[in-house]
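Structure first, commentary second.
Right, dumping it as structure tokens:
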């Protein structure tokens, strides 16, 4: 059995499935059935896959809200020429939405490639013009795999609650406070490894000053030194010494 499977199996009950992130998924996951290429996330049962689903769901909700607000304000401007100018109005709308920083631009709808997503950032008038107005109702053929396209940058955005610990070459290490796990995410936006923390053998888990402690663990992971990695997990109070002993003995 792999080290990471043991850590997962031995993890004490973690709060993810009662978290805001999980509740968001339970509330909106039905929307994934609207796009066939995203329907594989309809039955997500692991925290990381729920996070991936929520990135897509938040992008879809942004899309719907931007379209609605733009169209509604067009009608307002037709009736009242003194109403808030469209650019100013849409800037206010976008200010409360999650987004991704990508090549110096804000991407609010990362289910589209950046050139198309730009319509939702600043070229809103195209939403009521051909050929783009078809996006309002028939957009499935235009969606992308956002994880292939934007890579692990998606996880360092306002579309998730993850905290970035460190990057090394093409790998990003991020901490999930809800799942109490470190995710090592590759540049294709996929999970390489999940490191589950706080096993059942820790009598008094210490959960403050997390980031500097996590950085030490992540450094040993990137050094490809398994013994140092296990030792750092113990030293930083993320796993019990008894579990570490069992892991080492099991490898002999």
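Numbering (our numbering), first residue to last: 27 to 278. C-beta atoms are modelled at their ideal positions from N, C-alpha and C, and glycine is treated no differently.
In its own chain, leaving out the 5 sequence neighbours on each side, no residue places its CB closer than 7 Å to the CB of residue 31. Bounds of the beta strand (DSSP E) holding residue 133 are 131-133. In this chain, the beta strand (DSSP E) harbouring residue 202 covers 197-202.
Excluding five sequence positions before and after residue 214, the CB atoms of its chain that fall closer than 7 Å to its own CB belong to 173, 174, 177, given in chain order. Following the DSSP letters along the chain, one finds residue 248 inside the alpha helix (DSSP H) bounded by residues 236-248. Non-local beta-carbon contacts of residue 86 in its own chain, meaning distances under 7 Å to residues more than five positions away in sequence, involve 57, 137 in chain order. Within 10 angstroms of the beta-carbon of residue 78 lie 16 or more other beta-carbons, which makes it buried.
Boundaries of the beta strand (DSSP E) around residue 221: 217-222.
Taking a cut-off of 8 Å on C-beta distances, the segment 56-70 does not touch the segment 99-112, as fewer than three cross pairs fall below it.
The three-state reading of DSSP puts residue 225 in strand, counting E and B together. When Cβ pairs closer than 8 Å are counted between the two stretches, the segment 249-261 is seen not to touch the segment 110-126, the count staying below three.
By the 16-neighbour rule on beta-carbons within 10 angstroms, residue 92 is buried.
When secondary structure is reduced to three states using DSSP, residue 192 falls in the strand class. Residue 126 carries a strand assignment under DSSP once its states are collapsed to helix, strand and coil.
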